[in-house]
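The structure appears right after this line, and notes come after that.
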Amino acid sequence: MYQPVQYIEGKAEFRGLELVVNKDVLIPRPETEELVEEVIHYTLHITHYTKQCVRILDLCTGSGNIAVSLARELPGAEIVATDISEPALKVAQENAARHGVSENIKFYRGDLFKALPRSKHHGFRAEEKSLEWGLPIEKNLKFDIMVCNPPYVKKGDFDFLQKEVREEPYIALYGGNDGLDFYRRIAGEAKDHLETGGTLFLEIGFGQAKRIIDIFSIGKIYRVERMVRDFAGIDRILWISLL
Ligand SMILES: C[S@@+](CC[C@H](N)C(=O)[O-])C[C@H]1O[C@@H](n2cnc3c(N)ncnc32)[C@H](O)[C@@H]1O
């Protein structure tokens, strides 16, 4: 057995927070701390000018590391966090409670965007009413900012993963034959859940940058704004906005 020490101890540190982790969730990585840093800088920048509250979606939340640290560091933000794994969501909810931000984050289970409720159920901003009928209009829940660290390991790379990494949930790692399945799906669906001009922050794997940029360049729906390298000099975070 090559149990990662974080699973044995049941905890991991992320942006100075002690988070509960178990074998149902990916152990948060330092690269993802940088992803959160980018989201925070960007959010503080836009809210400085607009003074508006932002709505942020953390897709594939896992332990809730991204959502919980954003809620702690951006107390005015409305945050929605989703994952397909029920046990992972339990861990994320526990982490939100431990760090006093349960009220700031709504958690939903489901396959990517299918997890999201229609607007009349989400309970954040005032419900919109149809003028004609006085009935609630069902609309997609939309976000100013989306952040996602999806599974991105390709099939052929599993044999080369460190033994500790193989102890982490397969569902948190496997990104399809070429590792890009989630990016293709997100490119196809994010536009329906982002406000115009909204921004998507994606963590990406080693050597995937060009192909992911190509995916988001199809159809002039998005603009790739920036690629950020991690502390090891590897292209790691992609900023994309909806045109
Ligand atoms: C790479 S982990 C990221 C976890 C966490 N956000 C982080 O940064 O450490 C990917 C997460 O995606 C979830 N996931 C896998 N397939 C999914 C799907 N189809 N829809 C939503 N979440 C999914 C997994 O359960 C896992 O928690």
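For the sequence shown, the numbering used here begins at 6 and goes up steadily by one.
Every residue gets a Cβ at the ideal spot worked out from N, C-alpha and C, and that includes glycine.
*To the nearest angstrom, how far is it from the Cα of Leu121 to the Cα of Thr87?*
8 Å
_heavy atom of ligand 1 below 7 Å from Ile176 C-beta_ = Yes - ligand 1 has a heavy atom lying nearer than 7 Å to the Cβ of Ile176.
*Residue from Leu247, Glu91, Met232 whose Cα sits closest to the Cα of Asp240*: Met232
*asked:* The beta strand (DSSP E) that contains Ala214, what's its start and end?
replied: First-last for Ala214: 214 to 222, but that is the alpha helix (DSSP H), not the beta strand (DSSP E).
*Use the C-beta contact count for Thr5: other C-beta atoms within 10 angstroms, 16 or more gives buried, fewer gives exposed.*
It is not possible to answer for residue 5, since the shown part of the chain is limited to 6 through 248.
*Contiguous beta strand (DSSP E) assignments of at least 3 residues, all confined to the stretch 129 to 212*: With a minimum length of 3 residues, the continuous beta strand (DSSP E) runs that stay inside the stretch 129 to 212 are 148 to 153, 199 to 208.
_Per-residue DSSP class, three states only, for Ala102_ = helix
*What do you reckon, is the C-beta of Thr66 under 7 Å from a heavy atom of ligand 1?*
yes
*Rounded distance between the beta-carbons of Asn27 and Tyr12, thought under 8 Å*: 6 Å
*Is Leu49 near ligand 1, in the sense that its beta carbon is under 7 Å from a heavy atom of that ligand?*
no
*State the DSSP-derived secondary structure class of Leu117, mapped to helix, strand or coil.*
In this structure, Leu117 counts as helix in the three-state DSSP scheme.
_Suppose contacts are defined by Cβ-Cβ distances below 8 Å. Is Arg20 in contact with Ser107 by that definition?_
no
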